[in-house]
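Q: Quick one: the structure is below, questions incoming.
Residue numbers (UniProt numbering): 1 to 580.
Here it is as structure tokens:
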């Protein structure tokens, strides 16, 4: 809607300026009437016109991810945008008032036509009113004072003037602009258009009178005399509308044919140029046979020592005591339990087709460098301006009034990417907590546990034993697998599972960011070694852990046809508004 209003208002203003500077002062009123009406229709339609320019560019080779990192899953709490709601209510109320006013004015004319005497006169209908009024025209009806008509006090030139309004259907022009004013009442340019249209109607009627009677001084004096009794009717063509120097001078003006044709001819190319500049957008076409070298094509994950350097580990021992350690103080066995660090983000550039698709405001909510903005902004960008992108599906239960789109799009420019991700410490886990059980104790419990114990009934001690035993087996993190792990029904179904089961907490301030969880998909499809490596607080990390604990088993990964364990990283985009 914003894009529509900007483009239509800009076009209205430029075309009105063109009319005022080039056309209005010339005696070519029929063409001017056509131009003003076309300008209104054209301005309302131009936002829907798109002229695509194609420029050849080179499509970058896709990067290879070291970890099977999933796309963001967006969790958004339902919110009420009261400011937007208030604006909508105000617009609806004001529009309703203007609609009532328009209907009321139409009803007044209907009542006057129905209740007063009518006389058919040269293809029009005279409505004789008791009230003292100046002649004015609505549709084919000419309203005049009954006493003036009976006494023959109405000059013949005035009949000619009003008959011109009726025969040329000037009322339809006025009704059209009034309807636009009712809908777009906040646009002052429409008031200027109405004034220009009505003045041009008077030029047409004056011109007809002059052609019929050829007595300009008499007609001018008559208008000046009647102007003292000026009356306004918003939907009618009125004799004394704008009796100004401009109108009086136009009666004596003569525009040469060559000059008139020249000005009429240049209008079309000027409008074409206007369309080109307002509606054109550049789309790059890819050459799939070539590739540009990629920045840092191979990016290795940091070592555990670097990745966990600033992490505080809170370990609950078997006896209930809590031990706080830094990475350097962890035992070898404790370090072995840590998930391998995920790789840093690698720059990736979208294609021109993606950039064009993302301009659909109904489909995508857009953030550029963590700032929400209109999708129309993308018209200013080329694919090479984008350093990184992430598209997240937002399912119906998570959409809000402010962001009703089915997808959220995160883009980073090169400057924004460096600012957001240049400091690895900003993305390392701050606190990790887990409970340790003595190995001897868990082994005993394992031996006593029945083989058919359901997963949800397995004692915590048994779960720990399975994980500790499994941690000694190799965990795959590369892309050489013959089959990657998959949620039943595919990743889209997993997104649905997360959206339907993630419970957003009640918070006292807005929270936006990513909760990042790592876990291992075991050979049997169960999830283990679940750790929150980035938490936003307010229970978001705990909720993410709970979510994975109720996840059904995945289809395990395979290497050479054999099930293997795979490390997985899951970012969840959280967008929660404070409760007010």
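Think of the CB as a built atom: it goes at the ideal place given N, C-alpha and C, for glycine as much as any other residue.
Based on the DSSP secondary-structure assignment, which residues constitute the bridge partners of residue 486?
A: Partner(s): 555.
Q: Give the straight-line distance between the Cα atoms of residue 346 and residue 382, rounded to the nearest whole angstrom.
A: If you take the alpha carbons of residue 346 and residue 382, they lie about 19 Å apart.
Q: When we look at the beta-carbon of residue 514 and count the other beta-carbons within 10 Å, is it buried (16 or more) or exposed?
A: Its Cβ being crowded by 16 or more others within 10 Å, residue 514 is buried.
Q: Identify every run of the alpha helix (DSSP H) within the UniProt domain "TonB C-terminal" (509-572), keeping only runs that are complete inside it and at least 4 residues long; order them along the chain.
A: With a minimum length of 4 residues, the continuous alpha helix (DSSP H) runs that stay inside the UniProt domain "TonB C-terminal" (509-572) are 540-549.
Q: So residue 143 packs on residue 127, CB below 8 Å; how close in whole Å?
A: 5 Å between Cβ atoms; contact.
Q: In three-state terms, what does DSSP make of residue 132?
A: Residue 132 falls in the coil class under three-state DSSP.
Q: If you drop the 5 nearest sequence neighbours on each side, which residues of the same chain put their C-beta closer than 6 Å to that of residue 451?
A: Here residue 451 scores only 35 on pLDDT, less than 50, and its place in the model should not be relied on; the value that follows carries that caveat. So no residue of the chain qualifies.
Q: When burial is assigned at 16 or more other CB atoms within 10 Å of the CB, is residue 20 buried or exposed?
A: Looking at its Cβ environment, which holds fewer than 16 other Cβ atoms inside 10 Å, residue 20 is exposed.
Q: Going by DSSP in three states, residue 16 sits in which element: helix, strand or coil?
A: It is helical.
Q: Report the rounded CA-to-CA distance for residue 132 versus residue 10, giving the unit in angstroms.
A: Those two C-alpha atoms are separated by around 43 Å.
Q: I think residue 24 touches residue 255, with their Cβ atoms under 8 Å apart; what is that distance to the nearest whole Å?
A: Rounded, the Cβ-Cβ distance is 12 Å, inconsistent with contact.
Q: At which residues does the beta strand (DSSP E) containing residue 269 begin and terminate?
A: Where residue 269 is concerned, there is no enclosing beta strand (DSSP E), although the alpha helix (DSSP H) it sits in stretches over 257-279.
Q: State the DSSP-derived secondary structure class of residue 621, mapped to helix, strand or coil.
A: No information on residue 621 is available, as it lies outside the stretch 1 to 580 that the chain covers here.
Q: Using the DSSP secondary-structure output, state which residues sit across from residue 323 in a beta bridge.
A: 315.
Q: Less than 6 Å between C-beta atoms, sequence neighbours within five positions excluded: which residues of the same chain meet that for residue 416?
A: 369, listed in sequence order.
Q: As a quick exercise: from 331, 312 and 264, pick the residue whose alpha carbon is nearest that of residue 29.
A: Closest option to residue 29, Cα to Cα, is 264.
Q: What residue ranges within the stretch 96-149 form continuous beta strand (DSSP E) runs of no fewer than 3 residues, ordered along the chain?
A: If we require 3 residues or more, the beta strand (DSSP E) runs fully inside the stretch 96-149 come out as 117-121, 124-129, 136-138 and 141-145.
Q: Within 10 angstroms of the Cβ of residue 573, are there 16 or more other Cβ atoms? Answer buried if so, exposed if not.
A: Its Cβ being crowded by 16 or more others within 10 Å, residue 573 is buried.
Q: Would you please verify whether the beta carbon of residue 570 is less than 8 Å from any beta carbon of chain C?
A: Going by chain labels, chain C is absent from the structure shown, which holds only one protein chain.
Q: Which residues bound the alpha helix (DSSP H) around residue 413?
A: Run containing residue 413: none in the alpha helix (DSSP H); it sits in the beta strand (DSSP E), 407-413.
Q: Going by C-alpha to C-alpha distance, which of 543, 484, 541 and 490 sits closest to residue 568?
A: Of the candidates 543, 484, 541 and 490, the one whose C-alpha sits nearest the C-alpha of residue 568 is 484.
Q: Ordered along the chain, which non-local residues of its own chain (more than five positions away) have a Cβ less than 6 Å from that of residue 308?
A: So the list reads 327, once near-sequence residues are dropped.
Q: Where does the unbroken beta strand (DSSP E) through residue 372 begin, and where does it stop?
A: 371-373 is the span of the beta strand (DSSP E), which, as asked, contains residue 372.
Q: Would you say the stretch 492-504 touches the stretch 516-527, given that touching needs at least three Cβ pairs under 8 Å?
A: Judged by Cβ distances under 8 Å, the stretch 492-504 makes no contact with the stretch 516-527, as fewer than three pairs qualify.
Q: Could you tell me whether the Cβ atoms of residue 149 and residue 113 are closer together than 8 Å?
A: No, they are not a contact pair.
Q: Taking a contact to mean a Cβ-Cβ separation below 8 Å, would you say residue 189 touches residue 13 in this structure?
A: The answer is yes: Cβ separation under 8 Å.
Q: Is residue 402 near residue 84, with beta carbons less than 8 Å apart?
A: In contact: residue 402 and residue 84 (Cβ atoms closer than 8 Å).
Q: Starting from residue 393, trace the beta strand (DSSP E) in both directions and tell me its first and last residue.
A: Taken as a continuous stretch (DSSP letters only), the beta strand (DSSP E) holding residue 393 covers 386-393.
Q: Could you spell out the range, first to last residue, of the alpha helix (DSSP H) harbouring residue 186?
A: Premise fails: residue 186 is in no alpha helix (DSSP H) and is neither H nor E.
Q: Tell me the rounded alpha-carbon separation between residue 220 and residue 109.
A: Approximately 29 Å between the Cα atoms of the pair.
Q: With which residues is residue 94 paired in a DSSP beta bridge?
A: Residue 94 pairs with nothing; no bridge assigned.
Q: If you check the beta carbons only, do residue 242 and residue 160 fall under 8 Å apart?
A: No, the pair does not count as a contact, with Cβ atoms beyond the cut-off.
Q: Using 8 Å as the Cβ pair cut-off and three pairs as the minimum, do the stretch 165-185 and the stretch 197-211 touch?
A: Segments in contact, yes.
Q: Would you check if there are 3 or more beta carbon pairs closer than 8 Å linking the stretch 502-509 to the stretch 528-541?
A: Output reads yes: the stretch 528-541 touches the stretch 502-509.
Q: Given a cut-off of 8 Å on the beta-carbon distance, is the pair residue 136 and residue 227 in contact?
A: No, these two residues do not count as a Cβ contact at 8 Å.
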